[in-house]
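Residue numbers (my numbering), protein chains in the order written: chain S, 524 to 1108; chain A, 524 to 1108.
Cβ coordinates follow ideal geometry from the N, Cα and C atoms, glycine included.
The structure under discussion appears below in the form of structure tokens.
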């Protein structure tokens, strides 16, 4: 199959040159279009030529410092955008944009020009013939352009140039060969929703100033709780700025549930708490414990099996041990989809233990929660319905633009009791509408960005079945990769067996290491292979995939697939590229 | 002065009707334009007519379920967008958008149509003849439209309708008469920057995946530290999801600086800490103390003078008292710009006390920090350069789109030591570039949204002097309001004297209360005045301003001006509106 983008896009790989060479036909159209009144011809030409080239046959030039485009538009449809091509940004500043008096046309033109730059970037992001990254070292990049902030304003022309330059050096995270993080891809409906969110520019703390978004959060969280398996979608929750904060919320609420006096009196007034999570869990559990005054020493890491799943018998042993020492176990954070191996902890066995010892069960499904959308794969989270709280990041496996992370809590009202401070200047109690829709006092944040709209709109556009298809496809691709390399010469798998999530962990063994004995020298050479290949990938800009050491395992590649743009051919490309870049090592 | 928008925009106040009636001239152009080849005429007509009306003389209709617009474009400039008007969204789904094979044209058309909706919304936001809000009670709004999430996908036509409906019920936060929060206004360059940020869709944790944005954060934080007055802009910092989290960071770092063992061992291992802040300070100080395991009882509220400024002698007295009880004072959180009164605590006197008792001095300048941009007003923050940490929210007084909050820390490296967890899968130590640019391990968050670009681009566009002019104008308007009502019949000021920030706090006294004695009955009636006027404002949708009680003071209006679109006439309008809506109470 030919890659969809190849051959379609006539521009070079360099994003700095936003304007392509103008084909003769377009020039001819442009000349014909000039005969139209009202500046329509100019508008047309600008669309054809981009910003860098001015339309032909237009004598008008904006006077220095002029706030208004000339000649004045005579069409009677406002805003018409007719004169976009006449706006000379070299003489305009941000003060010429709205709310400037009569700033409508300049504003529309300027925003449209930014959008044209963005549309070019977006379309190019999906084109396999462009680079994922135009890599520069930090010092190079600092010197490449003047990024400094000054006293005096820049012109709008310079602002448009800043936008182009920024995108030139950005990573194309929507590129079909960008596999570097758990969050990859660029969803078009999600992007549109994020643009709308920016234009609405509001804050989630009250219904008063975010009526629709507050209701959409309500609707969406209820739906997510339904998918978790809580009857009727009952419970509570919030969208938070990322999985680490969601996990911290869970820890905070679990502590409050057991010792509500901690809110006023602090940790000094309660027994020493301990939390449990697996040795493969995300570092945010420890980070949260440090922040909340619990301390990282009180996070006990439970052993995992060779696939990275928590061993329930070890959990129970460590709980008993802690209790014997007089500590109070208050939280088990199970992981549904670990960061490196993509492992799912055995939630049913863990739920049994939590029930037995009356411990809050949290499931960190930041990465794996998306599988709840798939009838084929959701069994991997069996037992999640018994959790007290669940972290689920739609910005990972569901491809929602960053950030979008939900914390779901089974018991309603607990978040509010735990976090409320009754600020009368924000949460007035004598307002004229139902105050239960004011969500701000249950949050740790005061102001809170609208993260829900992009998820809601994508869900409307795809339906649950659309998310399911997208996720199933990514898992199928991971299996394809696994099957392709498990017996291939030059590869060693980090763990045996089919991947449970889209994480495929492997070493590439360059020819020079293949016949070596498995000794320390080989390890120390193998350790350097992935970093060098990765550095070369970035310098060529062809693809990006992550690597890391883990425990006694030296640097290995962790391939993850959450990018809906990826195909079998992209997986083939990745393998070819690793071999091309690593064969001499 | 006539309001810039009035009479310009021919559409009604109802955003649902996106298409205006087509003027005859436009129709004539449209027919002429049809003669152009390559679908250009259609494009032109669509621009003129909006989405709701199809262009004339186009016989082509998309077949049911067709993923491709017809007729096929023959122009040789890609992407051309020529065929926007031919795309029949009723038969298209999100699966027809990129990364769909040959999805470029459909994608460009769809995103352009979303942008057209947004541009209309943006321009209308500044038009005083439109409502600030089309208010509906939560239950009404839930019933007004089907917001539910389903298994099956919606068409792109329905998605565009969802966007229009969402905006119909949204608050126009950029409206010149929206004064409800500390964050108001809609900056056009900020909006453009936020759109770019969404298209780049990346994460701040490493230079690897956000090279430009990481450098811009570095440049911008350094500049902000310079403005605070730290030599050479040295120090540390981070953009966090809001002022409450920034304040929590400060508390976390202050605690770690004094007792680094708290990270591993928790609060159980260290003495009982106490923090000090004024009774007018933001609730996030207490919220942070609750979360960090310090407890709200350990936040000692210092008395304020009648203008809402912390009384330094009371601070010193309470510090000594706490020490006598054996507690350890670890943090003073001074406020530069309180939420309700806009008061600036006396930072120099507080700095002296902090120095004397070796306590971390934090300045919560979430609201007042913006005044550092103004040569005329920055003296109000004199002493801020002696702080150990500063919260400063550019999304408030500087009008940057939500969210944009910076925490600045004087000592470099402390944030990293405090928060780092050395996750090897994210912060590999053998990468090929300078790792000091990987910011993720000093954050509480793992994934972190790019909040810096909108501030950086606005700063480039305005220059420091542009921010200064914008801020000075808001303060001048606040003074205008103060002068207008201080001696006006029917008004009482909550505190005497010129406002220090843009907060103007006052009661409106309806005629029926003006001759009443100052007794309990009058208080109980006055208490209800502001809520009723506010409810009426929202129902009419003409303006929005906040009210609250404070201490023994019953509900009063807190007017704040951070909206660059506001003019003297808008202040006049607000006063007229309060009197119109409140005269019968």
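If distances are taken between C-alpha atoms only, which option among 858/A, 618/A, 1040/A and 1102/A comes closest to residue 676/A? Comparing alpha carbon positions, the residue from 858/A, 618/A, 1040/A and 1102/A closest to residue 676/A is 618/A.
Along the chain, where does the beta strand (DSSP E) that runs through residue 470/S open and close? Not covered by the structure: residue 470/S. The range shown for chain S is 524 to 1108.
Using a Cβ-Cβ cutoff of less than 8 Å, which residues in the same chain neighbour residue 905/A once the five nearest sequence positions on both sides are dropped? Result list for residue 905/A: 870 and 871, in chain order.
At the 9 Å Cβ level, is residue 953/S part of the contact set with chain A, yes or no? With 9 Å as the cut-off, residue 953/S counts as an interface residue toward chain A.
Could you pull out every residue in the same chain whose Cβ sits closer than 7 Å to the Cβ of residue 756/S, ignoring the five residues on either side in sequence? Within the same chain, residue 756/S has close Cβ partners 745, 746, 748 and 749.
Within a Cβ cutoff of 8 Å, which residues of the same chain sit near residue 995/S, ignoring the five residues on either side of it in sequence? Closer than 8 Å at the Cβ level, and outside the excluded window around residue 995/S, lie 897, 899 and 900.
Measure the CB-CB distance between residue 885/A and residue 851/A and report whether it falls below 9 Å. At least 9 Å separates the beta-carbon of residue 885/A from that of residue 851/A.
Whole angstroms are fine: how far does the CA of residue 700/A sit from the CA of residue 954/S? Roughly 20 Å between the two C-alpha positions.
Taking the straight line between their C-alpha atoms, what separation do you get for residue 1063/A and residue 657/A? Residue 1063/A and residue 657/A: Cα-Cα distance of roughly 8 Å.
Assuming contact is defined by CB atoms lying nearer than 9 Å, are residue 703/S and residue 1067/S in contact in what I supplied? A contact, by the Cβ cut-off of 9 Å.
Use the C-beta contact count for residue 1034/A: other C-beta atoms within 10 angstroms, 16 or more gives buried, fewer gives exposed. A residue is called buried when at least 16 other Cβ atoms come within 10 angstroms of its Cβ; residue 1034/A does not meet this threshold and is exposed.
Closer than 8 Å to a non-hydrogen atom of the ligand SAH - does that hold for the CB of residue 719/A? As presented, the structure is devoid of all ligands, the ligand SAH included, so that no description of it is given.
So, is residue 570/A buried or exposed, given that buried needs 16 or more other C-beta atoms within 10 angstroms? Any answer about residue 570/A is weak, because its pLDDT of 39 lies below 50 and its placement is not dependable; what the coordinates show is given next. Residue 570/A should be labelled buried.
Which residues in chain A have a C-beta closer than 9 Å to the C-beta of residue 675/S? List them in chain order. The contacting residues are 986, 987, 988 and 989.
Does any residue of chain A have a CB that is nearer than 9 Å to the CB of residue 580/S? Low per-residue confidence applies at residue 580/S: pLDDT is 30, beneath 50, and the placement is therefore not dependable, though the value from the model is reported in the following sentence. At a cut-off of 9 Å, the C-beta of residue 580/S has no neighbouring C-beta in chain A.
Residues that residue 799/S bridges to, as DSSP identifies them: Answer is 823/S and 855/S.
Taking the Cβ atom as the reference point for each residue, do residue 729/A and residue 1093/A lie within a distance shorter than 9 Å? Their beta carbons are not under 9 Å apart, which means residue 729/A does not touch residue 1093/A by this criterion.
For chain A, check one thing: does any of its Cβ atoms lie closer than 9 Å to the Cβ of residue 997/S? Look at residue 997/S: its C-beta is not under 9 Å from any C-beta on chain A.
Do you know offhand how far residue 1024/S's Cα is from residue 941/A's? Counting only the Cα atoms, residue 941/A lies some 33 Å from residue 1024/S.
The segment 828-839 of chain A contacting the segment 770-777 of chain A, beta-carbon criterion three pairs below 8 Å: Cβ pair count under 8 Å is below three, so no.
Using the beta-carbon of each residue, which ones in chain S are nearer than 9 Å to residue 653/A? The contacting residues do not exist; residue 653/A stays about 13 Å from chain S at best.
For residue 1015/A, which beta-bridge partners are listed by DSSP? 1030/A.
What distance in whole Å lies between the Cβ atoms of residue 818/S and residue 818/A, which are believed to be in contact at a cut-off of 8 Å? About 16 Å separates the two Cβ atoms, so there is no contact after all.
What residue from 1007/A, 1085/A, 764/A and 1072/A has the CA that sits closest to residue 1020/A's CA? Nearest C-alpha to residue 1020/A: 1007/A.
In the segment 827-855 of chain A, which residues sit with their C-beta less than 8 Å from some C-beta in chain S, listed in chain order? For the segment 827-855 of chain A, there are no residues whose beta carbon sits under 8 Å from a beta carbon of chain S.
Mind pulling the chain S residues with CB within less than 8 Å of residue 666/A? The premise fails here: residue 666/A is roughly 11 Å from chain S at the closest Cβ pair, so nothing lies under 8 Å.
Can you name the start and end residues of the alpha helix (DSSP H) that residue 938/A belongs to? 937-942 is the span of the alpha helix (DSSP H), which, as asked, contains residue 938/A.
Counting only runs of 4+ residues fully inside the segment 918-1004 of chain S, write out the alpha helix (DSSP H) ranges in chain order. Taken in chain order, the complete alpha helix (DSSP H) segments of 4 residues or longer contained in the segment 918-1004 of chain S are 937-942.
Is it buried or exposed, residue 844/A, if we count other Cβ atoms within 10 angstroms and call 16 or more buried? Flag for residue 844/A reads exposed.
Residue 808/A - partner residues in DSSP beta bridges: Answer by DSSP bridge pairing: none, since residue 808/A is not bridged.
Determine the extent of the beta strand (DSSP E) in which residue 862/A is found, giving its start and end residues. Boundaries for residue 862/A: no beta strand (DSSP E) harbours it, and the DSSP string shows neither H nor E there.
Could you round the C-beta distance between residue 807/A and residue 767/A to whole angstroms and report it? I think they count as a contact, below 8 Å. The Cβ separation is near 4 Å, so the contact holds.
For the alpha helix (DSSP H) containing residue 1104/S, name the first residue and the last one. The continuous alpha helix (DSSP H) containing residue 1104/S extends over residues 1091-1105.
By a C-beta neighbour count over all protein chains shown, 10 Å radius and 16 as the cutoff for buried, is residue 1104/S buried or exposed? Classification for residue 1104/S: buried.
I need the straight-line Cα distance from residue 1045/A to residue 1039/A, nearest angstrom please. Taking the Cα positions, residue 1045/A is about 7 Å away from residue 1039/A.
Can you list, in chain order, the residues of its chain with a C-beta nearer than 6 Å to that of residue 811/A? Leave out the 5 residues immediately preceding and following it. Excluding sequence positions up to five before and after residue 811/A, its CB lies within less than 6 Å of the CB of 770, 771 and 774, all in the same chain and listed in chain order.
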